Amino acid sequence: MIKRLLILNGLAAVGAVVNHAVVWELTAIFYWTNRYLPPDGLTYDQLESWRLFSVRLIDQLVIFAVFAFLFISGYFIAVAAGREQRSIAWKLVFHRIKFLIIPYLIWSGVILTFNLLQGKTYTLSELIKIILLGGASPPYYYVILLVQLYILSPLLVPLARARWKMLLVVTGLLQVLTLAAYYAGIFDIEMGRLEPVLVVLRDWHLIGYAFWFVLGMVIGFHLHDFRPVLIRWRWFLLCGLVLFFLIGFIEWNVIRQLAGRDWISPQTIFFNRVYILFLLLSFVAFEAMPVPFATLFSKLGPKSYGIYLVHVIPLEMAARSLYHIAPALLAYQFIFIPILTFAGVGIPVVLMEIMNRSFVRRYYKYVFG
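The numbering used here applies: residue 181 is where the sequence shown begins, and numbers increase by one.
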């Protein structure tokens, strides 16, 4: 199973880069049309065009990335805890957190320096808030989320081992509450005195994402029980995966149109969460099925955290370079997104390989995790 999850980790790393490349594609659709459309072009006609449809389809394929990272992290906590220990040792927890936080601080510093060079300014209080909340770049919320989950893991491990059904139900219900809060925000529904509660549900990612970490832990501890059941129901899971992929895709567009919005985050859609659940369970159920490019993804798997931290700057540099040098390419999502993805995955991997083969390789884990 560990080899299988390394492949999933590599897939998720590429998926995360594609997901964030889509953000730059949306920037090209909504804000950069002056670089590739004629002056009298109807910019927002693209909203209902096949282009937005295809971009959304690409995004739907990769929205599982962060959820997969959490699932895998939870599974490896179960592996680290072992069969004999009642819980996981705090020493191991802090060891893992150390190699999350130090690279995070380094690359947050790089991004903030990059922003300063572009003329952005920060106060000391803003910098502290950015570091504590993962605000150097939008994807960095995941690091703070994972640190919180690791801190809670000594408390979660005994529950995942002995009371796993209750733990899944509770974290699942919390996830549903956060989705309800997202829906209220999408439709601008005022909840009066409950509004501060909804803000907490939307902004504190721990509440809505803990389920996926817990699911990984539970399967890690009870794999011998889950495996035969998942294998028996594997074709049902696969059919559910396809069905909820389509339902989530349709639900997103219906909600977007009803709310009168150009775009909403697909991760906040209920049936997309169901689709992701079926995807992860299917990946476990079809453990013996070969994955295309499995060798490549298994090599990227151990590098996933480094890719996740570093890819933000190469994506932005590649997108802005094309804006100035080859703006015509901005009109073609099947060229623009692959170029960004290649830069977002390739440049971090090259940097990691250079450092790993240099005289400073002993500091590799402090830079890339």
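Cβ atoms here follow ideal geometry from the backbone N, Cα and C, with glycine treated the same way.
Quick caveat, the model's predicted, so the values are computed rather than measured.
Scanning the region 194 to 245 for uninterrupted alpha helix (DSSP H) segments of 4 residues or longer gives 230 to 242, listed from N- to C-terminal end. Rounded to the nearest angstrom, the gap between the Cα atoms of Arg-231 and Leu-292 is 33 Å. Ala-316 sits close to Ile-310, with the two beta carbons spaced by under 7 Å. Listed in chain order, the beta strand (DSSP E) elements of length 3 or more contained wholly in the region 336 to 400 amount to none. Going by C-alpha positions, Pro-283 is about 8 Å away from Gly-486. Here the C-alpha atom of Leu-329 lies approximately 13 Å from the C-alpha atom of Ala-340.
Across the structure, Asp-383 and Pro-319 are spaced so that their CA atoms are roughly 14 Å apart. Annotated three-state conformation of Tyr-302 is coil, per DSSP.
Its chain contains no residue whose beta carbon lies nearer than 7 Å to that of Glu-370 once the 5 sequence neighbours on both sides are disregarded. DSSP places Gly-262 in no alpha helix (DSSP H); its state is neither H nor E. Judged by beta-carbon spacing, Pro-494 lies within the 7 Å limit of Ile-527, meaning their Cβ atoms are closer than that value. A Cβ-Cβ contact shorter than 7 Å links Val-525 with Val-194. Gln-437 counts as exposed, since fewer than 16 other C-beta atoms from the protein chains shown sit within 10 angstroms of its C-beta. For the pair Cys-419 and Ile-209, the Cα-to-Cα distance works out to about 33 Å. No Cβ-Cβ contact shorter than 7 Å links Phe-247 with Trp-344. The distance from the Cβ of Leu-185 to that of Tyr-389 is about 18 Å, inconsistent with a contact at the 8 Å cut-off. In the three-state reduction of the DSSP assignment, Ala-506 falls in the coil class. Annotated three-state conformation of Val-422 is helix, per DSSP. Thr-475 counts as exposed, since fewer than 16 other C-beta atoms from the protein chains shown sit within 10 angstroms of its C-beta.
The DSSP-derived three-state label of Asp-405 is helix.
Sorting Leu-421, Glu-306, Lys-278, Ala-261 by C-alpha distance to the C-alpha of Ala-465 places Leu-421 at the top. With a contact defined as Cβ atoms closer than 8 Å, Leu-354 and Ile-399 miss out at about 19 Å.
CA-to-CA, the gap between Asn-536 and Tyr-544 works out to about 6 Å. The region 454 to 474 and the region 495 to 504 do not touch, with fewer than three beta-carbon pairs separated by less than 8 Å. One thing to note: Val-235 has its Cβ within 7 Å of the Cβ of Gln-513.
Counting along the chain, Gly-289 sits inside the alpha helix (DSSP H) bounded by residues 270 to 297.
Pairing Pro-446 with Asp-239 gives a Cβ-Cβ distance under 7 Å.
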